[in-house]
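Protein chains in written order, with UniProt numbering: chain A, 1 to 386; chain B, 1 to 386; chain C, 1 to 386; chain D, 1 to 386.
For each residue, glycine too, the CB sits at the ideal point set by N, CA and C.
Number of protein chains: 4
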Amino acid sequence: MTETFLAQDTATGSPVRLQAVAGPGQPEVTPALEELYRGFERELLVPLWTEIGDLMPAHPRSRAVPHVWRWQTLRQLAARAGDLVPVGRGGERRAIALANPSLGGRPFATPTLWAAIQYLMPGEDAPEHRHTQHAFRFVVEGSGVWTVVGGDPVPMNRGDFLPQAGWNWHAHHNATSEPMAWIDGLDIPFQHATEAQFFEFGRDGIGDAERVTPRRSRSERLWGHPGLRPLAATPAPYGSPLLSYKWEHTEAALRDQLRLEREGFGGTVEPGHAAVRYTSPHDGSDVLPTVRAEFHRVARGVETAPVRETGSSVYQVFDGSGVVTIGDASWTVTRGDLFAVPSWQPFTARSEAGATDSDGGALDLFRFSDAPVFEALGLHRTRKDT
Amino acid sequence: MTETFLAQDTATGSPVRLQAVAGPGQPEVTPALEELYRGFERELLVPLWTEIGDLMPAHPRSRAVPHVWRWQTLRQLAARAGDLVPVGRGGERRAIALANPSLGGRPFATPTLWAAIQYLMPGEDAPEHRHTQHAFRFVVEGSGVWTVVGGDPVPMNRGDFLPQAGWNWHAHHNATSEPMAWIDGLDIPFQHATEAQFFEFGRDGIGDAERVTPRRSRSERLWGHPGLRPLAATPAPYGSPLLSYKWEHTEAALRDQLRLEREGFGGTVEPGHAAVRYTSPHDGSDVLPTVRAEFHRVARGVETAPVRETGSSVYQVFDGSGVVTIGDASWTVTRGDLFAVPSWQPFTARSEAGATDSDGGALDLFRFSDAPVFEALGLHRTRKDT
Amino acid sequence: MTETFLAQDTATGSPVRLQAVAGPGQPEVTPALEELYRGFERELLVPLWTEIGDLMPAHPRSRAVPHVWRWQTLRQLAARAGDLVPVGRGGERRAIALANPSLGGRPFATPTLWAAIQYLMPGEDAPEHRHTQHAFRFVVEGSGVWTVVGGDPVPMNRGDFLPQAGWNWHAHHNATSEPMAWIDGLDIPFQHATEAQFFEFGRDGIGDAERVTPRRSRSERLWGHPGLRPLAATPAPYGSPLLSYKWEHTEAALRDQLRLEREGFGGTVEPGHAAVRYTSPHDGSDVLPTVRAEFHRVARGVETAPVRETGSSVYQVFDGSGVVTIGDASWTVTRGDLFAVPSWQPFTARSEAGATDSDGGALDLFRFSDAPVFEALGLHRTRKDT
Amino acid sequence: MTETFLAQDTATGSPVRLQAVAGPGQPEVTPALEELYRGFERELLVPLWTEIGDLMPAHPRSRAVPHVWRWQTLRQLAARAGDLVPVGRGGERRAIALANPSLGGRPFATPTLWAAIQYLMPGEDAPEHRHTQHAFRFVVEGSGVWTVVGGDPVPMNRGDFLPQAGWNWHAHHNATSEPMAWIDGLDIPFQHATEAQFFEFGRDGIGDAERVTPRRSRSERLWGHPGLRPLAATPAPYGSPLLSYKWEHTEAALRDQLRLEREGFGGTVEPGHAAVRYTSPHDGSDVLPTVRAEFHRVARGVETAPVRETGSSVYQVFDGSGVVTIGDASWTVTRGDLFAVPSWQPFTARSEAGATDSDGGALDLFRFSDAPVFEALGLHRTRKDT
């Protein structure tokens, strides 16, 4: 049987003490009350009345703060890691994660989401493994790496989105003579909080048959035709069977929405704001059980209406530049920059009018969030401020 | 715009430093690597390769530890709080929560579950409020308090289970001349981790029309007839519309299972182990979107097979006594004792052969867990060790 | 290869001829048109424009008509069949079905529903079989017969409702010295229309172990406790695992609703009209995939508001007496009488004010319908006429 | 109150008589039995024991028979109807339906499915209406007509599939100088059997804004991008929001499956047999609640394994030629030919080895069936004979 101690701070090892403080809704501080509190401590108990403000706030008050990470800086540090840190069994991936400034130095972009830059040198392999954490890759620049998922090589090019539900074997290979960087998104913090994680090492190398560089993965050839389900396929109970959402389709969908709007037929979220959600062609659900992924295009000169949502998001600027406002703070952002939007913080994005980008000055934003968790559990709320 | 700092420990304020340590899967420590790590710190980045063991373990390794809280001690401290701490607006409830020894002094029985003893003095009201946290009450002893949920007074007696989905108005009233204690279970730690919480104060008093002491709540009169749905009712999208599961029904169900087993027809989880899950009569789902509640009866002399599950549980001994083993530790437990079972820790319970309890020596266990979260998100796993 | 013929009436064998008739929306009758129609006939073709009025009416116009069958008459004819017609393998059941007057002499109460009186003499067995047709039994009088479903003997007493999803083995046994009659409801006409039926003979006799007369079936002991799911049970993908809904529960539910209404809390469908739906305790769905079953109590002197629904129903008067109006016709009905309500015919029931029945003059109506078919396929509509 | 009569045959008006016939499972014929049967007739009752063989067969024995309709003949008769029969309000559509030889001359290809050739002359409009019957169009040849669904003009070209869930306004317009023919599929017989139909006339003309000939409908621009859901769209509760599945996508999907198979990766239903199901991009369900649509490609020289299914299908040969076997009968079929496969009849198709068709000799088959009805109601069964 384990012995019990006074509660201790896990980081510092020092005992945590209950403090009797007078205040609204709090009992008067007396020696008897102090003694009661010492009794609570001995028995590993904590009263609600001292904690209720933190635990049951009027609305979500995130431990995380809004923050922007600059792609240029990330890219340089990742390249330096490419020189210094080998990729191999044990470390598994040359991935460098965003650590929200107020989450205690943990590699958590938000309380539930992991976002990292991954970097692979020419000819390198990242070894095969699998884990219950749901994951995806999104490519803001470059090409040449492919991910092998369950033996199916999936190419990666600018604008491609590659979801990969938990417990699928996967490895990466850089088949080119150039290094390549992309972002990984996972639900690592969520699964860390709920303690759901399993992990397994796979084969040490990638099979020769998997060392091909196809234009389309097998998953795309089976599942990538709009509205057409392959009769012979039996997809897993969750997660998209489509392993890559190519940029050409995303781009076409956004362009179509903005044109429909110009023709007077709606189709956009709000004027000048087109958006798609990546969904499973099998059942229309989110591509991953715990992660939603979307792509937003904000036309030149447009500012989106401020929206609050329960749950948090991470964005990456795919193209264009503009100004994003999260809560009280604003940042000018440009290609590759990443930023975190904590729970219930109002968010708005404005494309820069004067930009001369490839998409006519639009601000293109890739977004992922933990919304499926909230929707599955009856906890999703959203509010559009006007 | 917020300024950025080195990552800091939220509790201590001291900077968190990345440490370059040689080891399996880790790069060799060099001055260049140290410099790279200082760069990561400046930019609020953390590499995966130093964290992977903690974040992506081979199987869940809970931050929580198994622990037992003794009912007699809880009861005494709660009674003392009854003398010293008024119940009223602001503090809201005289509830004292179990704090798992290794969760940093937070009032979390496990990383996702809150369990507290609540105590109400004769004639006292606990004021009306509502919150998104999903909650229930379970009564191990006493009677006389009723909970008013949305204007419907629900009596509370030994063995009764009262679920209450998030965002329902509720208050408590002790209509007797005796104090009463019971346990509250909520998903407070889960909603704290995901930052989903809303809270609202209600009316200051309970209406006179609600100050009745009915034998059955209105919810039971509408929804408490087995398999019979009231045609006129329109239940909420989640959460059980039945606000009380009376002991007489739970008892009858357990007794029936054990008798069916004796007659040779199965019906039990394993020999001598009867169990029911509290479910919504509307759709058969768990009574709360984030919390599963069950009642287990382990017949005299029986030991349950060790089972591991993702996610955590809290148990309360309702009757009988016995020995519970969680991971490597064992405890003798008796009526009212509460204990926490962390994620993936094997659990087994044995009823004490010699006990002469009301149910023929059976060990009766009320259990609640976070299983619905895991099932909804494709993260549920269970393993029966043999 | 089959040869083709002119279309023929299946009953008479005479050729069916397309008739060219002038009228609104119809082409002018010319020799060329007549010749075209002869060409259609030769090639087994029929134009839409001559049929659209029948096939695509503005609203459902049922082929069935409202009709009442008198219990006393049914009872007498069934008793006479008890004398003359043995029950055994081949004929399988001494069941006599209601044949709607306008459905061509087929044993169909409505286009989708079968309703029959079944009659079993003292000591008789109805042999075991199974079929894909979903079935139930409802008992308006008597007792002493039990149904063995998958080896589980289920007693039958006045007011009990016994659903039995397709493909379950079942037999009946009359263990008493009195004959017994009850009604069977099935989706025979629906499965005949869609051609989904499978049928299999079972064992020739009932096992000795099944020749017991329990007070409660095993299914009730497992599944009959309100809101409590047996942890060990794995119910079939459809159909209720609860094989009997005893009258005492139905009665209590109806009484509770009327009392709640009197106390000012609603709970009824409309003033004086209580109603429950029989549902699966496993998932709250209808007890059978194709058949909905309900019980309605219309308090003394109350008349229900006229309601139209897509799909058809059959009612049996369980107690009391009153007047039912279906479309333009009205009937006085009393205990045991059965009547059919065709699709989209307005229906209303009025309890007779002066009756001195056991339930204080209430008109108690058992009802079954094909509503689950319509709801599953997006075809359900209802309209309350005011 | 309606009077009751002896049951009458609806077609002939002659009374239907119960016949007492001795035989297995039937009672001996006696004068008393004859008298009992006359009593049944008077009271509109029919015993089960004389009907059970027809109503509860060991497996489905369809009233329908396999049959082939030749496209050339259909086409000619439709063209003749184009000369003789105007299209307009009342008749609504110049549609000529397949009438299964054994379904009594009704325009039902099978007991649940309607299939018709529709024909529109140059410049003609088919007026706007809506109905609860779920419908689709499939184009085996020609182009130039578009369907306006809810104001959205949808072009129609060879190989395109256009689903349209019930209760959507729709009209057709032939914008060219050539007549055009295509096939319509609906669940008219099913809704006729269940009596669920509503119908409403729409505007008399097509609006000028709808008289455009777009390359893609608005529905395709919103919903036709693989796996990408438009964030702003709120689709109806059932039926696909994608109004056209263009041939280019179907063709690509089939080609991909056969190539994957050749590369050793499976992807086909069986060797040489590729197939896709048309599904809703919103939720992956069948395009219509009551109708499933698929496209099958049988490679040159391949014969599919015989399969039986509950429920019925209609096929149209889109390209190639071959031999189809349904039950005991075989037919040689070629482009445009339609055939009906009744419930539980084994079906196999063989492509003709020597053919020199556009798809390398493959037999391309469009298929629709009532499978969603069977799946939704727990009635679906399939058996592969080997």
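Neighbour flag for residue i against chain A, beta carbons, 8 Å
{"i": "T132/B", "result": "yes"}
{"i": "P281/B", "result": "no"}
{"i": "A252/D", "result": "yes"}
{"i": "L276/D", "result": "It should be noted that the sequence gives Val, not Leu, for residue 276/D. By this cut-off, V276/D is an interface position."}
{"i": "L33/B", "result": "yes"}
{"i": "residue 398/B", "result": "Residue 398/B is absent from the model: chain B starts at 1 and stops at 386."}
Buried or exposed by the 16-neighbour rule on C-beta atoms within 10 Å, applied to residue i
{"i": "G166/C", "result": "buried"}
{"i": "residue 403/D", "result": "The displayed coordinates of chain D run from 1 to 386. Any statement about residue 403/D would go beyond what the structure contains."}
{"i": "A79/A", "result": "exposed"}
{"i": "A58/C", "result": "exposed"}
{"i": "F108/C", "result": "buried"}
{"i": "V212/D", "result": "exposed"}
{"i": "A81/A", "result": "buried"}
{"i": "E220/B", "result": "buried"}
{"i": "E35/C", "result": "exposed"}
Residue i at chain B interface by Cβ criterion, 8 Å
{"i": "Y315/C", "result": "no"}
{"i": "P237/C", "result": "no"}
{"i": "A193/A", "result": "yes"}
{"i": "H225/C", "result": "yes"}
{"i": "V85/A", "result": "yes"}
{"i": "T73/A", "result": "yes"}
Terminal residues of the alpha helix (DSSP H) in which residue i lies
{"i": "H380/A", "result": "Here H380/A belongs to no alpha helix (DSSP H), and DSSP marks it neither H nor E."}
{"i": "G82/B", "result": "71 to 84"}
Own chain partners of residue i with C-beta closer than 8 Å, once the 5 adjacent residues on each side are dropped
{"i": "P346/C", "result": "P306, V307, R308, T325, I326, G327, D385"}
{"i": "V323/B", "result": "S330, W331, T332, V333, A349, R350, E352"}
{"i": "E92/D", "result": "A126, P127, H129"}
Below-8 Å beta-carbon distance, residue i vs any chain D residue
{"i": "S217/A", "result": "no"}
{"i": "T268/A", "result": "yes"}
{"i": "V373/C", "result": "yes"}
{"i": "L113/C", "result": "no"}
{"i": "T382/C", "result": "no"}
Closer than 8 Å to chain C by CB, residue i
{"i": "Y119/D", "result": "no"}
{"i": "Q257/B", "result": "yes"}
{"i": "R231/D", "result": "Here the sequence assigns Leu to residue 231/D, which means Arg is not the residue at that position. Taking Cβ atoms only, chain C never reaches closer than 8 Å to L231/D, which makes this a no."}
Cβ-based neighbour list, residue i, same chain, cut-off 6 Å, excluding 5 preceding and 5 following
{"i": "L254/D", "result": "A274, R297"}
{"i": "A95/B", "result": "A116, Q118, D184"}
{"i": "residue 387/A", "result": "Only positions 1 to 386 of chain A appear in the structure, and residue 387/A is not among them; the question remains open."}
{"i": "H282/C", "result": "P235, P241"}
Residue range of the unbroken beta strand (DSSP E) whose run includes residue i
{"i": "E200/A", "result": "199 to 201"}
{"i": "L186/C", "result": "180 to 186"}
Chain-order list of residues whose beta-carbon lies under 7 Å from that of residue i (same chain, five-residue window excluded)
{"i": "G150/C", "result": "N168, W169"}
{"i": "T334/A", "result": "V317, S321"}
{"i": "L18/C", "result": "Y37, F40, E41, V46, T50"}
Members of the segment 39 to 52 of chain C near chain E, C-beta cut-off 7 Å: In the structure shown, chain E cannot be found, because the protein chains are A, B, C and D.
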